[in-house]
Structure formats: structure tokens, C-alpha cells
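A.B. asks: The structure is given below, and queries will be raised subsequently.
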Amino acid sequence: MSNGQGLPVNPLDNQIQLQTYNGVISPDVYRRNMEALRAARETLAQFERQTLEGYNRFITAEQELRNRVEAGRQAE
């Protein structure tokens, strides 16, 4: 898998370690979990932006290619 930049992506790099609790979470664990959630949301938002940008570049390139093909046909 690639991140759109030609660099391989290890799916294990950004995993969050989930733990089960007995219903009680200390303030330190709560803060750590909330920070992990914030970071995960930002990572997901960045991935979404990159995916959309890459797809839009594909659509643009595809349309440009179609235009060139059509221009070549009309030139014949």
C-alpha cells in the first residue's frame, strides 16, 4: 500500500492500543486516551484530505487525457 507519495505505508504504524477497563479510568489514563483520540482524528482527517486530493488529481488527469484523445480524433 502507498500513501500517494510512493512511500509504503505500514498499517501497524498508526494503530491505537485499545484496552478494556472495569468501568473506572484514572485522570491520567483519561487524558492519555483523549490525546490518542485527538491524534487519531487528526490522522484520519489528514488521510481523508489526501485521499480526496489524490482522487481529484486523478479525475483532472483523466479529463485532460479524454480531451487530448478527442482533439486527436477531430484532427484526423
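Heads up, the sequence shown is in the working numbering, so the first residue is 1 and it goes up one at a time.
C-beta atoms are modelled at their ideal positions from N, C-alpha and C, and glycine is treated no differently.
For N33, collect the residues of the same chain with a Cβ closer than 8 Å to its Cβ; drop the 5 residues on either side in sequence, then sort them by chain order.
C.D. replies: Counting only Cβ-Cβ distances below 8 Å, and skipping sequence neighbours, we find I25.
A.B. asks: Which value, in whole angstroms, describes the spacing of the CA atoms of A39 and P27?
C.D. replies: 18 Å
A.B. asks: Please state the DSSP three-state secondary structure of N22.
C.D. replies: coil
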